[in-house]
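K.L.:
Input: one structure, supplied below.
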Amino acid sequence: MSDDGAASDPGQADSAGPDHASVEAAWLRFQAQLRAGEVTDLEGFLSTQPSPLQQPLRELAEQVAAIKRDVGLPDEDVDVTALLGGSADPGLTLSLGSVETGGTHDVDELLEQLASESGFASRYEIERRIEGGGFGDIMRVWDRRLKRVLAMKIMKLPQGERSGPSEAARAVWRFHAEALVTAQLDHPGILPVHDIGVETKGLVYFTMKYVRGRRNLRRIFEMVSRGEEGWTVNRAVGALLRVCEAVAYAHSKQVLHRDIKPANIMVGQYGETYLLDWGLARRLGEDEHPLVAGSLPALMADLADLADLAAGPAPEPAPEPAPAPEPEPEPEPEPEPEPEPAAEGQQRGAAPAGADPSQFVEVESWLFSRDGKIMGTPPYMSPEQARGEVDRVDQHSDIYSLGAILYHLLTGRTPFVEPGERPFPFVVLMRVRAGALQPLAQLVPDAPPSLVEICERAMAREPAARFETAADMARALEDYLEDISEAREEARLQAQRASKINELLVQMLASADPRRAQGQDVTVLQVLDQFSERIEQGIGGLPLDEAALRGTIGSVYKELGRHEPARTHLEAALALYDEHLGLAHHETLAAGTELAVLQRVMGSLDASEHLLDEIRDVQTERLGADHLDTLRTLVVLAETLRRGRQGRLREVESLLQRVLDGRRTQLGDEHVETLTAMNRLAMVKWDLDRSDPQALRLLRDAVEGLRRVVGERHPETLAAMNDLASQLQHSGHFEEAEQLLQISLEGLREVLGPDHLETIMSLANLGWLFNRRGKLVKAEATLRQAVEQQRRVQGDDSSDLLVYLNNLAKTLQAMGRCEDAAAMLEDVVERARRRSDGPNWHVARFQHNLAECLIVLGQQGRARRLLTEALDQLRAVLPDGHAFTHETLAALRRLDGSAGADPGADGSQA
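Using the working numbering, the first residue of the sequence shown is number 9, and each one after it goes up by one.
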């Protein structure tokens with residue numbers, strides 16, 4: 009499942025030029041030199057600056073002049089140092105306020121307390137970094153104690169000019185406050201905080217719920233504009249509605265967020281929506297901690313400077329201007345993942361033709377005043393926040409931000425930012441204060457009127473004119489969505505009617521599935537091949553129509569034993585569903601399961617297990633561990649593990665017991681899925697202990713139940729009869745076993761066809777039964793037929809083929825043809841070893857059989873080594889006392905001529 013919603017770090021370098029932080033720092037130097045009389049104009053200053061900075065500085069000067077004209081201010085230089093302070097940097101994210109000397113004492117006590125209570129090293133394992141931001145890095149971690157995946161936010165220490173002890177103390181306190189605020193807000197739209205502590209490097213962390221497939225709302229808006237993954241304006245409005253509900257809950261607890269923006273809203277792959285980053289949150293009516301609040305009068309004074317915008321008296325010219333200072337070295341720009349580098353001749357900051365303008369706008373940057381105080385994110389900041397009217401910032405300010413997000417959704421552009429523009433954050437702030445926002449009627453005249461009304465009310469200049477509460481705004485959005493429900497239903501019915509022809513075509517192709525046809529008209533393979541070629545040429549329909557057709561064709565090919573064309577169609581179907589519906593959709597999950605079954609059949613066991621693990625995780629979280637779909641996936645996974653390279657039979661037994669218990673509860677005992685689960689569990693119990701009477705009893709019950717429920721000619725009944733016959737021949741019930749195998753083989757040939765894997769397995773089992781009954785000529789002929797058919801269907805390297813070759817070799821040995829048998833087993837052992845990445849009981853059994861041949865041929869030394877190695881593998885993967893282990897140990901004792909010895913118990917006699 010993918011984490012593609014991480015916003016790029018604010019202040020990163022622009023691939024077409026220096027980053028905003030570097031340009032604004034140079035602008036501050038220009039203002040300082042202008043006031044000191046060291047330069048008289050911008051061009052004089054530019055002559056001292058590196059060439060990459062010169063054009064961006066000119067653009068910044070033009071932006072400042074333009075906004076001053078828009079708000080009717082005199083054409084004077086703006087004293088940016090007074091506005092932003094010497095530490096201004098829109099690309100960093102740190103704490104509010106300043107700290108008096110000695111103000112870090114409380115933080116020292118806090119860190120000591122958290123460190124004493126933390127179990128970071130023993131409890132958490134960091135898996136990977138998900139994303140980074142100004143206040144901290146988000147990591148995916150494994151919680152060893154509770155066996156679950158979590159997200160962990162680890163505090164970032166201040167860097168550069170704000171890296172002293174006081175700034176670090178503010179960062180720690182802000183981070184701790186964010187964790188405490190979030191932990192006290194118990195709402196589905198706010199991620200729960202589970203734990204807080206100090207990690208191994210001394211940094212504070214807290215853990216929270218891990219959300220799969222997370223995307224922030226900014227990315228969702230881009231998907232809306234492109235129509236990707238079914239995202240529409242109305243679907244995004246639904247996500248915003250859930251955010252409003254979360255904000256309303258926080259307000260009911262007297263908590264303000266103060267930095268609501270698309271990048272702080274996350275949508276999971278199941279549609280769950282969360283409001284994140286409560287680092288600027290404040291409780292109404294409470295003063296902030298001194299480490300956070302700092303000097304409130306200084307903050308208000310900074311914002312008052314922004315309100316005036318004018319620079320004050322111009323400096324008197326110096327008699328002799330001081331020599332221009334040496335240019336300060338610019339920081340090495342860091343690469344930025346987006347936007348893409350500008351094409352040759354493209355204006356800096358302009359979006360390429362056809363591109364989404366929001367990709368080229370820095371909406372992540374905070375604005376800082378002097379001393380590095382964060383004031384919020386300008387495009388989504390309310391006018392009272394922009395004016396620094398701290399006493400007027402209340403729940404209406406958060407509602408304004410929600411309206412600004414709706415404005416972004418409806419227009420496809422960041423508020424107060426022109427398409428293709430990359431304005432400096434303080435310039436955007438000036439626009440917010442001036443109210444220079446283009447009306448929705450001009451930008452999107454076709455927007456739904458009710459949404460326009462909601463947006464304009466939420467963004468009213470005066471707080472009293474906005475929605476009284478966030479809950480009121482949520483109800484307005486909910487009313488809008490209910491109003492359009494009838495139109496949406498009509499559109500759905502039209503789409504359903506339009507796809508009726510395609511549905512009939514899918515049903516026609518599905519009739520070729522031999523499990524449905526049960527032997528009737530399975531000769532449509534030629535028609536299927538022709539239609540498959542037609543699909544590859546393109547059908548000119550919707551992607552989901554193509555996915556449905558490919559899924560059906562692939563499934564039928566699989567059942568007919570045509571695996572390569574089956575894989576082509578099933579992989580294409582899965583890719584189409586994943587692209588257009590997302591991983592969590594039931595159609596995608598079904599297509600993935602079908603492909604995983606095919607991968608297992610074709611011997612791609614690792615790929616099959618990986619895909620099934622992913623599907624199981626999604627279904628467990630989305631549907632629940634006991635949902636029937638989840639249980640079906642466990643069956644497929646269990647079969648893959650059973651055929652896998654490791655001895656994981658206990659794990660398989662546990663999975664299948666869960667399946668059987670769940671199906672009995674939900675479906676009852678007399679249901680085909682319950683009975684097939686019983687059959688599979690019985691076979692695993694037999695693999696674990698071939699003397700277990702419960703295994704035979706469960707198999708008999710399963711066969712009789714399937715005969716009652718679906719009839720004797722059903723494929724599941726025939727397969728269960730084949731399994732029961734395998735157990736009966738092992739326990740010496742040869743007559744009954746042969747009778748069952750003959751019935752099963754005849755039925756499978758008729759229903760599934762002679763080249764189906766189930767049919768070939770039944771044929772091979774019959775051949776081995778002939779061996780056990782001493783009918784060696786019939787055994788050889790039958791097993792050779794099974795080997796040739798298996799090779800024709802799956803090639804030379806399937807696990808089932810190795811088993812059939814092993815049984816054929818054992819038959820040749822019984823016929824006195826030990827050299828032929830040994831040569832065949834040498835090949836089997838070598839290929840089995842290549843397929844295995846660790847101890848494997850199949851490999852051990854093949855080595856045991858080869859060793860017995862070598863003993864007859866007089867190669868006792870090599871036989872002893874093989875038996876010892878086989879014994880070690882069997883002890884590693886099978887339970888104590890297993891029959892296979894006893895057989896190999898007995899063979900070693902016979903070889904050594906010592907009935908009481910335990911050769912190879914520690915591998916020393918190999």
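Each residue gets a CB set at the ideal place from its N, CA and C atoms; glycine is no exception.
What is the rounded straight-line gap between the Cα of Leu619 and the Cα of Leu582?
P.N.:
Near 11 Å, if we compare the C-alpha coordinates of Leu582 and Leu619.
K.L.:
Below 8 Å on the Cβ atoms is my contact criterion, and I expect Ile623 with Leu597 to pass it. Report the Cβ-Cβ distance as a whole number of Å.
P.N.:
The Cβ separation is near 5 Å, so the contact holds.
K.L.:
Using the Cα positions of Asn815 and Leu636, report the straight-line distance between them to the nearest angstrom.
P.N.:
Going from the Cα of Asn815 to the Cα of Leu636 covers about 38 Å.
K.L.:
Per DSSP, what kind of secondary structure is Arg698 in: helix, strand or coil?
P.N.:
Arg698: coil per DSSP, three-state reduction.
K.L.:
Given this structure, state the Cα-to-Cα distance separating Ser844 from Leu613, to the nearest angstrom.
P.N.:
Distance between the alpha carbons of Ser844 and Leu613: 11 Å.
K.L.:
For Tyr812 and Glu541, what's the separation of their Cα atoms in angstroms?
P.N.:
Computed Cα separation, rounded: 35 Å.
K.L.:
Would you mind reading off the limits of the beta strand (DSSP E) that contains Thr215?
P.N.:
Per DSSP, Thr215 belongs to the beta strand (DSSP E) from Val212 to Lys217.
K.L.:
Taking just the CA atoms, how far does Ser662 sit from Val801?
P.N.:
Roughly 32 Å between the two C-alpha positions.
K.L.:
Taking 8 Å as the cut-off, decide whether the C-beta atoms of Ala466 and Leu414 are in contact.
P.N.:
Yes; because the gap between Cβ atoms is below 8 Å, this pair is in contact.
K.L.:
Counting only the same chain and skipping the five closest in sequence on each side, list residues whose C-beta sits under 6 Å from that of Trp776.
P.N.:
Hits under 6 Å: Asn815.
K.L.:
Give me, in chain order, the residues of the same chain whose beta-carbon lies closer than 6 Å to that of Asn779; leave out the 5 immediate sequence neighbours on both sides.
P.N.:
Ala787 and Thr819.
K.L.:
Under 8 Å between the Cβ atoms of Gln821 and Ala831?
P.N.:
Contact: no.
K.L.:
Give me the residue from Ile228, Gln192, Asn224 and Phe38 with the minimum Cα distance to Met216.
P.N.:
Here the closest residue by C-alpha is Gln192.
K.L.:
Would you kindly check if the distance between the Cβ of Arg781 and the Cβ of His977 is under 8 Å?
P.N.:
In the structure as shown, the chain begins at 9 and stops at 918. Residue 977 is therefore absent and cannot be evaluated.
K.L.:
Look at the alpha carbon of Val436 and the alpha carbon of Lys155, and state the distance between them as a whole number of angstroms.
P.N.:
Each residue's alpha carbon lies about 46 Å from the other.
K.L.:
Kindly list the residues whose CB is nearer than 7 Å to the CB of Ala479, restricted to its own chain and excluding five residues on each side of it in sequence; keep chain order.
P.N.:
Same-chain partners within the cutoff: Ala256.
K.L.:
Please report how far the alpha carbon of Ser260 lies from the alpha carbon of Val401, in whole angstroms.
P.N.:
Cα-Cα distance, rounded: 16 Å.
K.L.:
Go through its chain and collect everything with a Cβ distance to Ile863's Cβ below 6 Å, but skip five positions before and after it.
P.N.:
Within the same chain, Ile863 has close Cβ partners Ala871.
K.L.:
What separation, rounded to the nearest whole angstrom, lies between the Cα atoms of Val680 and His894?
P.N.:
The straight-line gap from Cα to Cα measures roughly 37 Å.
K.L.:
Kindly identify the DSSP beta-bridge partner or partners of Ile162.
P.N.:
Paired residue(s): Asp145 and Tyr213.
K.L.:
DSSP on Leu552, reduced to helix/strand/coil?
P.N.:
Three-state result, Leu552: helix.
K.L.:
Leu760 and Glu766: beta carbons closer than 8 Å?
P.N.:
Yes. Within cutoff.
K.L.:
Need the endpoints of the beta strand (DSSP E) that Glu139 sits in, please.
P.N.:
Element bounds for Glu139: Tyr132 to Gly140.
K.L.:
Would you tell me roughly how many angstroms separate the C-alpha atoms of Leu810 and Arg841, rounded to the nearest one?
P.N.:
So the alpha carbons of these two residues sit roughly 11 Å apart.
K.L.:
Quick one: residues in its chain with C-beta nearer than 6 Å to the C-beta of Val275, no 5 flanking neighbours on either side, listed in chain order?
P.N.:
Around Val275: Arg223, Ile228, Ala247 and Thr281.
K.L.:
Which residues in the same chain as Arg558 place their Cβ atom closer than 6 Å to its Cβ, once the five residues preceding and following it in sequence are excluded?
P.N.:
So the qualifying residues of the chain are His577, Ala580 and Ala581.
K.L.:
Hey, how far is the Cα of Leu683 from the Cα of Glu572?
P.N.:
When rounded, the distance between both Cα atoms is 31 Å.
K.L.:
Do the segment 695 to 709 and the segment 718 to 727 touch if we need at least three Cβ pairs shorter than 8 Å?
P.N.:
Because the criterion of three Cβ pairs below 8 Å is not met, the segment 695 to 709 and the segment 718 to 727 do not touch.
K.L.:
Go to His202, then tell me how far its beta strand (DSSP E) extends in each direction, as first and last residue.
P.N.:
First-last of the beta strand (DSSP E) with His202: Val201 to Val206.
K.L.:
Return the CA-CA distance between Gly105 and Arg266, expressed in angstroms with no decimal places.
P.N.:
Any reading at Gly105 must be qualified, since the residue scores a pLDDT of 31, below 50, and its modelled position is unreliable; no value is offered.
K.L.:
Is Val836 helix, strand or coil when you go by DSSP?
P.N.:
The answer is helix: DSSP assigns Val836 an H, G or I state.
K.L.:
Report the CB separation of Tyr488 from Val245 in whole angstroms; it is logged as a contact under 8 Å.
P.N.:
Their Cβ separation, rounded to whole angstroms, is 7 Å, which keeps Tyr488 and Val245 in contact under 8 Å.
K.L.:
For Glu133 and Leu158, I'd like the C-alpha separation in whole angstroms.
P.N.:
Those two C-alpha atoms are separated by around 10 Å.
K.L.:
Taking the beta carbon of Val785 as the centre, do at least 16 other beta carbons fall within 10 Å, making it buried, or is it exposed?
P.N.:
Exposed, by the Cβ-count rule.
K.L.:
DSSP has Trp150 in a bridge; who is on the other side?
P.N.:
DSSP output for Trp150 lists Glu133 and Val157 as bridge partner(s).
K.L.:
Hey, His850 and Thr896 are a contact pair by Cβ (cut 8 Å); roughly how many whole angstroms apart?
P.N.:
The pair is not a contact, with the Cβ atoms about 13 Å apart (cut-off 8 Å).
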